[in-house]
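Below: the structure, in structure tokens.
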Amino acid sequence: MNVIRRLWRIRSARVGVVLAVLLLTTAILGPMLLPLDPNAIDVRARFAGPSTAHWLGTDDLGRDTFTRLVHGSRMSLFIAALSALLGTLLGVTLGVITGFLGGWVDVAGMRVVDLFFAIPTLLVAIGIVALFGPSATTTILALGIAYTPLYARLVRGTVVSVRSRTYVDASRVLGARGVRLLRTDILPGIVPIALVQTTALLGFALVDEASLGFLGLGVQPPDASWGQMINAGRQFIFQAPWLTLIPGFAVILAVFSINLIGDGLRDALDPRASQRVGDT
Amino acid sequence: MSRTRTARLLAASSALALLVGTAATPALAQEPAAGTIRVITVEPTQGLDPAIAAADASRTLMTLIYDNLVDFDESGALTGGIAESWEPNEDLTSWTFHLRSGATFSDGSPISAADVVWSIERMRTSESLKGALANVTSVEATDDATVVVSLSAASRALPLTLSRGGNAAILSQAAVEASADYFAMPTVTSGPYTLESLAPKDRAILQANTAYWREGYPKTATIEYIFSEDQNSWAAAIESGAADVANVGYNDAQRLREAGTIPVEQSDRLTPLFWGFDTTTPPFDSKLVRQAIAYAVDRQGRIDACWFGTGAVTYGNILRPWDPNFVEISTYDDSDRAASLAKAGELLDQAGWVVGADGTREASGVAGVEDGTRFSVSVPYEGNWPAAECNTLLLQQTLKEVGLDIQPNKYDPAPFWGDVAAGQFQMYHGGAGATDSDDLYLNWFRSGGALTPLTTHLTDPEIDAKIDAAIAGDAETAKAIYAELEAWQADELPMLVTGYQWPQVAMAPGLEGYYSIPDTSLKWLANATITAP
Numbered sequence: 001m002n003v004i005r006r007l008w009r010i011r012s013a014r015v016g017v018v019l020a021v022l023l024l025t026t027a028i029l030g031p032m033l034l035p036l037d038p039n040a041i042d043v044r045a046r047f048a049g050p051s052t053a054h055w056l057g058t059d060d061l062g063r064d065t066f067t068r069l070v071h072g073s074r075m076s077l078f079i080a081a082l083s084a085l086l087g088t089l090l091g092v093t094l095g096v097i098t099g100f101l102g103g104w105v106d107v108a109g110m111r112v113v114d115l116f117f118a119i120p121t122l123l124v125a126i127g128i129v130a131l132f133g134p135s136a137t138t139t140i141l142a143l144g145i146a147y148t149p150l151y152a153r154l155v156r157g158t159v160v161s162v163r164s165r166t167y168v169d170a171s172r173v174l175g176a177r178g179v180r181l182l183r184t185d186i187l188p189g190i191v192p193i194a195l196v197q198t199t200a201l202l203g204f205a206l207v208d209e210a211s212l213g214f215l216g217l218g219v220q221p222p223d224a225s226w227g228q229m230i231n232a233g234r235q236f237i238f239q240a241p242w243l244t245l246i247p248g249f250a251v252i253l254a255v256f257s258i259n260l261i262g263d264g265l266r267d268a269l270d271p272r273a274s275q276r277v278g279d280t
Numbered sequence: 281m282s283r284t285r286t287a288r289l290l291a292a293s294s295a296l297a298l299l300v301g302t303a304a305t306p307a308l309a310q311e312p313a314a315g316t317i318r319v320i321t322v323e324p325t326q327g328l329d330p331a332i333a334a335a336d337a338s339r340t341l342m343t344l345i346y347d348n349l350v351d352f353d354e355s356g357a358l359t360g361g362i363a364e365s366w367e368p369n370e371d372l373t374s375w376t377f378h379l380r381s382g383a384t385f386s387d388g389s390p391i392s393a394a395d396v397v398w399s400i401e402r403m404r405t406s407e408s409l410k411g412a413l414a415n416v417t418s419v420e421a422t423d424d425a426t427v428v429v430s431l432s433a434a435s436r437a438l439p440l441t442l443s444r445g446g447n448a449a450i451l452s453q454a455a456v457e458a459s460a461d462y463f464a465m466p467t468v469t470s471g472p473y474t475l476e477s478l479a480p481k482d483r484a485i486l487q488a489n490t491a492y493w494r495e496g497y498p499k500t501a502t503i504e505y506i507f508s509e510d511q512n513s514w515a516a517a518i519e520s521g522a523a524d525v526a527n528v529g530y531n532d533a534q535r536l537r538e539a540g541t542i543p544v545e546q547s548d549r550l551t552p553l554f555w556g557f558d559t560t561t562p563p564f565d566s567k568l569v570r571q572a573i574a575y576a577v578d579r580q581g582r583i584d585a586c587w588f589g590t591g592a593v594t595y596g597n598i599l600r601p602w603d604p605n606f607v608e609i610s611t612y613d614d615s616d617r618a619a620s621l622a623k624a625g626e627l628l629d630q631a632g633w634v635v636g637a638d639g640t641r642e643a644s645g646v647a648g649v650e651d652g653t654r655f656s657v658s659v660p661y662e663g664n665w666p667a668a669e670c671n672t673l674l675l676q677q678t679l680k681e682v683g684l685d686i687q688p689n690k691y692d693p694a695p696f697w698g699d700v701a702a703g704q705f706q707m708y709h710g711g712a713g714a715t716d717s718d719d720l721y722l723n724w725f726r727s728g729g730a731l732t733p734l735t736t737h738l739t740d741p742e743i744d745a746k747i748d749a750a751i752a753g754d755a756e757t758a759k760a761i762y763a764e765l766e767a768w769q770a771d772e773l774p775m776l777v778t779g780y781q782w783p784q785v786a787m788a789p790g791l792e793g794y795y796s797i798p799d800t801s802l803k804w805l806a807n808a809t810i811t812a813p
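Line by line, the protein sequences give chains Y and C. Each residue of the first sequence is one higher than the one before, counting from 1 in the working numbering. Each residue of the second sequence is one higher than the one before, counting from 281 in the working numbering.
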């Protein structure tokens, strides 16, 4: 609770939290409240401007842009959250195992991670999507796997650092071993960094989902996601630039809010920075 | 380009083509004009073997490197290719082709009557032309410059079949037999250009065939054939100067025309758009289901939303109104949309597909389908064709109105037509070109036709006999048979044609002399020159 209180005291983090809550509420409740079908085509209302019937106008097939944006937010945030969660689970597991066990396990695990580091994250994701075919599930798997090496390396470094601390040695002297040592002394030590890293991953995942969608490798038509909407609007960039700009702005807003929260979390979890939190 | 300018250009080119087509022109080693024309288009995904590659993606490139016995001029009329002239016997059961003297392959070796005989024999057994040439009984060289093709039944369509761009290629027997991998990189060829390099997923470089039989052609030294799967970027490539010719998207064509900076040519050749069916298994083995879809699809909506007002709608015909064999059919006229949807619903009920609890139709007494099975069909379309995606999304929404669940499936364009031919799809989106009624019915409807495995999938001896009779008969007989065939296909719907598209070819302002005949039109690049803007 202390952390949340400290986070709330940071003005920029407050802005991030408010934006994120708004986005999450929109994503969760919006599709239930909106009356229109996001895929309903009205050929006679193509490229219509904003009106009471269509708040953000319509696209090339006369579909309501606002409805698609809201439905797309659910898809984009869902993919981003699950990708970040998968990356966290895999990264923490690999990082803890290699860092805690050390020896040949550490060497072998980290060399695999090094291999993945040689390839840009998005390229790894594109490769996985190419292998299994584009869909929301593949996007989640691809991004989650692509984020694992970065996360594993970070956690492994933290575990190595924590396990040689005096309080961990003291636990060992008192007889703590294996899982118990991990659970009581080491894992709590990596929670702050994991929280910050997962928040950062969420931002990356939003941008990467949009990138994959833009390349046509993410959510497939007619379903909407922000990346898919940016891609679909691209062919009408001269006639109807808003079809690309509106979902693009949504991505920016979401990533901005997550970054503000991430920065705030870092400060709130850092004991040295926390002394200055009140001034932020 | 203004209409006056286009008309002048067409008139001048017609005269030129007439001269070229009728005059014997000995091949001369020649130096073409310098310059490079950059074409941006899709990759030849079916390779470069004329016997196999039926899809336009391959045929467009093949038309540049392989010549035919018979060619088209820019007005669409048959003209001399490697054959300078030809004539049938009285009852149209034998055709004699007189080869152009001095015509050579790109390595300078003569295009002999033996090469022509060998090439036609190869076509007869090829996947792409075995149907259209099924009535050929023998091919003989009576002398070094004359080839006689004998038929089992009269046909006036043989010259048309031998003009089929890419597929009716005249090949060098020696070059093809010298290498088992010849078609991976065919360099000894008969067309205006030779293939210098081909890098998959990147580009092909074509150099002018300096031994080409048409003196003074090709007019440009090099063609850079850039492969791109993203048609949305092609207009920008022309505008930015990164390419000189591209078949641009319909929204881009409209925009470029309005801006007036980039000339855009529109062709009105016969290019039907259709929904293909697997008529051997449920649900599309039922004619009632196919007819229901024909009533339910939004034909004008397709044009408005996906083709930006270009092209045309048909309500039963495949042939266009200005085709000499056209007799209007308006069975599926949907001017009263509510009535059309009601009719579609009735037909589906009759076929045993009844509305389920959630509004989607379910099987009830459909042969071969378990009762309660939802009518849910995945409909693939080529992923690099934006208008096809739009059309399939529109189909999904319109068929939803009659309780059919359509799942648009953005498909990898590379294996798409191969998978169509292999019968992997229940229903799919398609489109291709045809020159006229003879070409359309021979190659789309006849057993073994070049496009039959990709369109109608027919193997019907009765239909084959009617088509053979149409191409054997005089104009009146043909018209009567085609009217009958048009009515038959509108009722039977082996595929559902909803209209036509007219390709929009954008050209760099410095490009002159190019005519935009759809699909296999790239051959006309041999006439084109490019100057720096």
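We put the beta carbon where it would ideally sit given N, CA and C, even for glycine.
Three-state class that DSSP yields for residue i in the structure shown
i               : result
R266 of chain Y : helix
T305 of chain C : For T305 of chain C, the predicted model reports a pLDDT of 40, less than 50, meaning its position is unreliable; a value from the coordinates is still stated below. In the structure shown, T305 of chain C sits in coil (DSSP, three-state: anything other than H, G, I, E or B).
H71 of chain Y  : helix
G87 of chain Y  : helix
I609 of chain C : coil
P439 of chain C : helix
L805 of chain C : helix
Beta-carbon spacing of residue i, residue j below 8 Å
i               : j               : result
P324 of chain C : A337 of chain C : yes
T384 of chain C : A539 of chain C : no
S80 of chain Y  : L212 of chain Y : The sequence given here places Ala at residue 80 of chain Y; Ser does not occur at that position. Not in contact: A80 of chain Y and L212 of chain Y (Cβ atoms no closer than 8 Å).
A585 of chain C : D60 of chain Y  : yes
W375 of chain C : P439 of chain C : yes
A678 of chain C : D578 of chain C : Rather than Ala, the amino acid found at residue 678 of chain C in this sequence is Thr. Their beta carbons are under 8 Å apart, which means T678 of chain C touches D578 of chain C by this criterion.
F696 of chain C : E642 of chain C : no
I261 of chain C : L349 of chain C : A question about residue 261 of chain C goes unanswered here, because the residues of chain C that appear run from 281 up to 813.
T88 of chain Y  : A194 of chain Y : yes
L478 of chain C : G713 of chain C : no
G652 of chain C : P562 of chain C : no
Contacts of residue i in chain C (Cβ-Cβ under 8 Å)
i               : result
Q235 of chain Y : N512, G529, N531, D532 and P666
Contacts that residue i makes with chain Y (C-beta to C-beta distance below 9 Å)
i               : result
K690 of chain C : P134, G216, Q220 and P221
L679 of chain C : None at all; the shortest Cβ gap to chain Y is about 12 Å.
Residue i burial status per 10 Å Cβ neighbour count (16 or more: buried)
i               : result
R177 of chain Y : exposed
L821 of chain C : Because chain C spans 281 through 813 in this model, residue 821 of chain C falls outside it and cannot be assessed.
F249 of chain Y : exposed
W334 of chain Y : For residue 334 of chain Y there is no data in the structure shown, the boundaries of chain Y being 1 and 280.
M707 of chain C : buried
Q511 of chain C : buried
P543 of chain C : buried
Chain-ordered chain Y contacts of residue i [CB-CB under 8 Å]
i               : result
A585 of chain C : I41, V43, R46, D60, L61 and G62
D578 of chain C : V43
Through-space distance from residue j to residue i, alpha-carbon basis
i               : j               : result
F214 of chain Y : G72 of chain Y  : 13 Å
G625 of chain C : Q687 of chain C : 19 Å
M465 of chain C : D263 of chain Y : 57 Å
D716 of chain C : A421 of chain C : 30 Å
Y612 of chain C : H737 of chain C : 22 Å
S51 of chain Y  : Q769 of chain C : 45 Å
N2 of chain Y   : A268 of chain Y : 9 Å
L802 of chain C : L328 of chain C : 15 Å
L77 of chain Y  : A27 of chain Y  : 8 Å
V196 of chain Y : E669 of chain C : 41 Å
F588 of chain C : A667 of chain C : 9 Å
V255 of chain Y : E354 of chain C : 55 Å
A758 of chain C : T594 of chain C : 21 Å
Listed by chain order, chain Y residues near residue i by CB distance under 7 Å
i               : result
E669 of chain C : P221
G581 of chain C : V43
R535 of chain C : F238 and Q239
Under 7 Å from the C-beta of residue i: neighbouring residues of chain C
i               : result
Q228 of chain Y : Under the 7 Å cutoff, chain C gives no residues; its nearest Cβ is about 11 Å from Q228 of chain Y.
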